[in-house]
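Student: Here's a structure for you.
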């Protein structure tokens with residue numbers, strides 16, 4: 072083997088431990104799953120270095136979607152109605168993530184629509200209590216995910232619906248990273264600011280992974296449905312970003328969570344447009 076061939080192999084061998092450590096950090100940050108220390112580069116006491124590791128956010132989303140997808144596929148073998156199996160899968164997904172993004176959606180709804188001043192909106196979003204707008208947003212989001220997932224089970228079968236769930240969870244995280252990259256932090260002392268802004272390279276890789284996940288749906292759905300899903304998700308993410316810029320001047324962790332939720336619903340809506 073030539074020395075030139077050894078160089079890329081050495082680089083890959085050097086990067087793999089770093090990637091594994093970053094992935095473990097992302098899983099800890101975005102879930103309640105007890106992730107063990109994977110190597111000496113992995114420090115559970117530190118926030119993920121999202122400037123470098125943001126491209127792994129869609130990967131973490133795919134891994135976190137595996138248990139709910141497996142539940143959906145297995146329960147599809149029983150006589151339970153699709154609505155019940157879908158609700159159980161959605162509930163498991165929320166348990167694994169600690170309803171992190173759902174909480175963001177509720178906080179954004181309360182803050183954006185419950186006050187007229189930027190400072191007051193940010194104050195409401197930090198409040199752990201939930202208001203009327205947040206409750207309605209949470210019920211609508213969870214309800215739509217459940218109903219749309221049940222519709223997919225009825226149309227394409229439980230196994231295909233489970234695969235589409237994984238793809239949608241992956242792509243929706245890429246939409247979240249895109250908004251994260253485009254908007255400045257709304258709070259200089261917030262968690263979103265402390266965790267760092269994704270680099271353009273990391274954001275581009277996340278977007279490629281998200282698009283690849285969405286395009287894998289072409290194996291299960293007509294091209295028109297997949298294109299509709301992509302268009303709806305992009306519109307939903309862009310709309311959330313524009314609203315966040317207008318209301319609070321940038322992003323927070325809640326805004327990013329809300330982006331993931333609306334993009335996920337938009338993708339499922341698009342998938343359900345298959346004829």
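Numbering (my numbering), first residue to last: 72 to 346. A virtual CB, placed ideally from N, CA and C, is assigned to each residue, including glycine.
On the three-state DSSP scale, how would you describe residue 256?
Tutor: strand
Student: Restricting to Cα atoms, I'd like to know which of 326, 279 and 293 is closest to residue 127.
Tutor: It is 279 whose Cα lies nearest to the Cα of residue 127.
Student: Around the C-beta of residue 87, are 16 or more other C-beta atoms found within 10 angstroms, so that it is buried, or is it exposed?
Tutor: exposed
Student: Please report the distance separating the alpha-carbon of residue 78 from that of residue 289.
Tutor: Any answer about residue 78 is weak, because its pLDDT of 47 lies below 50 and its placement is not dependable; what the coordinates show is given next. Distance between the alpha carbons of residue 78 and residue 289 is about 37 angstroms.
Student: Among residues of its own chain, excluding the 5 on either side of residue 252, which ones have a beta-carbon nearer than 6 angstroms to its beta-carbon?
Tutor: 269 and 274
Student: Please state if the CB of residue 254 and the CB of residue 322 are separated by a distance shorter than 8 angstroms.
Tutor: yes
Student: Quick one: give me the first and last residue of the alpha helix (DSSP H) that residue 139 is part of.
Tutor: From DSSP, the alpha helix (DSSP H) with residue 139 extends over 128-146.
Student: Less than 8 angstroms separating the beta-carbons of residue 219 and residue 339?
Tutor: Their beta carbons are under 8 angstroms apart, which means residue 219 touches residue 339 by this criterion.
Student: When we look at the beta-carbon of residue 116 and count the other beta-carbons within 10 Å, is it buried (16 or more) or exposed?
Tutor: exposed
Student: On the DSSP bridge list, what partners appear for residue 322?
Tutor: 256
Student: Is it true that the CB of residue 308 sits closer than 8 angstroms to the CB of residue 330?
Tutor: With contacts defined by Cβ atoms closer than 8 angstroms, residue 330 and residue 308 form a contacting pair.
Student: Within 10 angstroms of its Cβ, does residue 317 collect 16 or more other Cβ (buried), or is it exposed?
Tutor: exposed
Student: Cα separation between residue 141 and residue 149?
Tutor: 13 angstroms
Student: Can you give me the C-alpha to C-alpha distance between residue 133 and residue 191, rounded to a whole angstrom?
Tutor: 35 angstroms
Student: Counting only the same chain and skipping the five closest in sequence on each side, list residues whose C-beta sits under 7 angstroms from that of residue 185.
Tutor: Excluding positions up to five away in sequence, the list reads 195, 202 and 204.
Student: Is residue 113 buried or exposed, if buried means 16 or more other CB atoms sit within 10 Å of its CB?
Tutor: buried
Student: Taking only the alpha-carbon atoms, compute the straight-line gap between residue 121 and residue 248 and give it to the nearest angstrom.
Tutor: 10 angstroms
Student: Mind reading off the beta-carbon distance from residue 277 to residue 245? Whole number of angstroms is fine, and I expect it under 8 angstroms.
Tutor: 5 angstroms
Student: Excluding sequence positions up to five away, which residues of its chain have a Cβ less than 6 angstroms from the Cβ of residue 146?
Tutor: For residue 146, where only same-chain residues beyond five positions count, the Cβ hits under 6 angstroms are 156.
Student: Thinking C-alpha only, which one of 224, 239 and 233 is nearest residue 129?
Tutor: 239
Student: Can you give me the start and stop residues for the alpha helix (DSSP H) that residue 211 sits inside?
Tutor: 203-227
Student: What does the alpha-carbon distance come out to for the pair residue 161 and residue 169?
Tutor: Roughly 12 angstroms between the two C-alpha positions.
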